[in-house]
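Mind the numbering: the sequence shown is residues -18 to -1, 1 to 461 in mature numbering (1 follows the signal peptide of the UniProt record, and there is no 0), read in order. Note that beta-carbon positions come from the ideal geometry of N, C-alpha and C, so glycine has one too. Just so we're clear, the structure is a prediction, and the values are computed from it rather than from any experiment.
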Amino acid sequence: MAVLPFVLSALAVGEGDAKYMWDSYKKTPSNTPYDIAIRINSLTALETSGWEILLSENARDTIPQNPTTSENSRGSVVAVLGLCDRGKSYLLNQFCDIVLPNENLIHTEGISITALKKTSEKIIFIDTAGTDTSISKDKLKDQNATEGLLKEIALHLCSVIIIVVNRLRATDQTYIDQVLTHTKNCDKTKNIIIVHNFMNVETIDDATKLIEKEVKAQFAAKEHTLTIQNKKVYENIRVFRSKHLGINLHHFILTKHGYHAATIWNNQSVKGILNTLETDYNNKRDLNIIDEMIQFINTKLPQLLIINNENENNVYNGNQLKYEVQKHTEKPYIVLSQRKDMKDLEENPYKLTLSSKLVYDDAGYFIGNDSMNKAQWQPRYSLYETNDDIYAIIELAGLKKEDIKIKVGEEAITIEGHRDDFKQLLSNADTLQEIIPMGQFKLDIRFSCRVEHREAKLESHDGLFKIKCPKNRATATYL
């Protein structure tokens, strides 16, 4: 359980206001089997109360610990993905010793986080609301946008991906392909596991036939033996390995609980998955994922929402408003920054409108805004931190220093500029595909601490702009 204090650090570390906020989380009645549940169930909920943060009884009894005070605060963050009713909850039940409902009529809400309790390794699991859940027609647009955001959050935060499928249908194959495609576009390599949950298979013969057809034949997977050690006992685990879309995959098998096939496959597969997670030393990451989640959401909101003084093409009229969320100063909610100090979150709703030009792929991942050639788009960036400095690396292919305006403040970097329409450089060209964003762009990158902005340095090479910002050197006077 050593992992949970570091995850909870984003909610309360220190004295004064931080301690008061932690007390407010502890007063909220627990209503989740997960350690932490962030109820991102609707983007338009940000008009009022926003997204509630719930803690389990176990989490409320945990003392938060600041990750920066421990050298051993890194771990694995595992995103458990899959279409609705594929058995994600069952898998998490096996890993985390919590009772999650398996009934088809009960679905995960928002982003749910739970810690691995079977070993001393620092491993946390992220579960999201299942895709393909039913919804009323008038809320369909909001659900699509919200689920697309949840998928991106999980993919951004995780270091390992587990995709849960049943019988391999076309929808599952498409889902796997889209997840792998998006993974290839990530800045960091992620370990990927596919769990084939044959939940209706009872016999060993039926399991063997499905493995031949849906694992070995479909993925050209080869069987391997993974030898694991528990104390002084060695055990051989059957695992299947393949390469799909240029990405290495591990395949594990589950069958219907309580039947003969399950005695052969289920326990050994759970052990094999845990061993794969425990020994994935190259993909450990900082465990302060709640603050990072909020930062990531703030990069996506300008593409998803239209706020009252903005038109449908995301072109601003008058002063530009900020699309940002943050933790409420007194309540266990994530809210629009304009509402962070409000006592009654139901008062004075803040009118939000989803863009009607959002584009998704077949797995529900957000591709972009159809009007992005007219909109203020946002470049991709990576943010790194050392003991002394913060580094921001921004991807701006095709642009020079004179094409952009960079402002470095104590708490954030703002980058603005314009990329010319490539089509204008061609004569009589028809558009077959146009994914690269063009036109005006603006990017705000917020720091985790104050920096010495007057000492910031800029380097650019091959379309990558690196900004080095020394951290603020706190001073003290001793009397």
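Can you have a look at residue i and say buried or exposed, based on whether 16 or more other CB atoms are within 10 angstroms of its CB?
i	result
residue 207	exposed
residue 311	exposed
residue 250	buried
residue 34	buried
residue 68	buried
residue 445	exposed
residue 211	exposed
residue 168	exposed
residue 254	buried
residue 431	exposed
residue 196	buried
residue 173	buried
residue 91	buried
residue 274	buried
residue 315	buried
residue 263	exposed
residue 20	buried
residue 438	buried
residue 237	buried
residue 313	buried
residue 199	exposed
residue -14	buried
residue 71	buried
Would you verify that the beta carbon of residue i is, or is not, closer than 8 Å to some beta carbon of chain C?
i	result
residue 325	The chain labelled as chain C is not found in the depicted structure, where only one protein chain is given.
Determine which residues share a DSSP beta bridge with residue i and list them.
i	result
residue 453	433
residue 177	146 and 234
residue 447	376 and 442
residue 427	395
residue 218	209
residue 16	Beta-bridge pairing links residue 16 to no other residue.
residue 366	373
residue 56	268
residue 315	34
residue 421	401
residue 76	For residue 76, which the question treats as bridged, DSSP gives no partner whatsoever.
residue 335	288
residue 226	229
residue 107	60 and 96
residue 390	395
residue 161	Answer is none; residue 161 lacks a bridge partner.
residue 204	223
residue 309	316
Take residue i as the anchor and find which of the options has the nearest alpha-carbon.
i	options	result
residue 170	265, 106 and 225	265
residue 162	63, -11 and 359	63
residue 178	224, 167, 257 and 150	150
residue 436	421, 455, 447 and 423	455
residue 123	404, 380, 337 and 376	337
residue 400	425, 48 and 280	425
residue 376	324, 165, 447 and 409	447
residue 180	227, 25 and 147	147
residue 398	384, 413, 407 and 308	384
residue 379	420, 370 and 40	420
residue 374	228, 393, 282 and 451	451
residue 126	204, 227, 18 and 26	26
residue 270	139, 322, 182 and 261	139
residue 39	438, 14 and 21	14
residue 433	182, 449, 442 and 441	449
residue -8	309, 408 and 364	309
residue 29	319, 442 and 393	319
residue 95	321, 188, 22 and 330	22
residue 284	322, 305 and -11	305
residue 77	65, 104, 55 and 66	104
residue 182	79, 241 and 166	241
residue 359	382, 414 and 287	287
residue 391	361, 453 and 422	453
residue 189	121, 280, 245 and -10	245
residue 41	407, 16, 192 and 65	16
residue 403	46, 365 and 381	381
What distance in whole Å lies between the Cβ atoms of residue j and residue i, which are believed to be in contact at a cut-off of 8 Å?
i	j	result
residue 248	residue 239	7 Å
residue -16	residue 32	27 Å between Cβ atoms; not a contact.
residue 334	residue 60	Residue 334 to residue 60, Cβ: 32 Å. No contact.
residue 234	residue 221	6 Å
residue 156	residue 133	Wrong, their Cβ atoms sit about 14 Å apart, outside the cutoff.
residue 282	residue 131	6 Å
residue 145	residue 158	6 Å
residue 243	residue 223	Their Cβ separation, rounded to whole angstroms, is 21 Å, which puts residue 243 and residue 223 out of contact at 8 Å.
Could you check if residue i belongs to the surroundings of the ligand SAM, using beta carbon to heavy atom distance under 7 Å?
i	result
residue 199	The ligand SAM is absent from the structure shown, which contains no ligands of any kind.
>> Please give me, in chain order, every unbroken run of the alpha helix (DSSP H) with length at least 4 that falls completely inside the region 235 to 263.
In response: Those alpha helix (DSSP H) runs which fall completely within the region 235 to 263 and span 4+ residues are 242 to 260.
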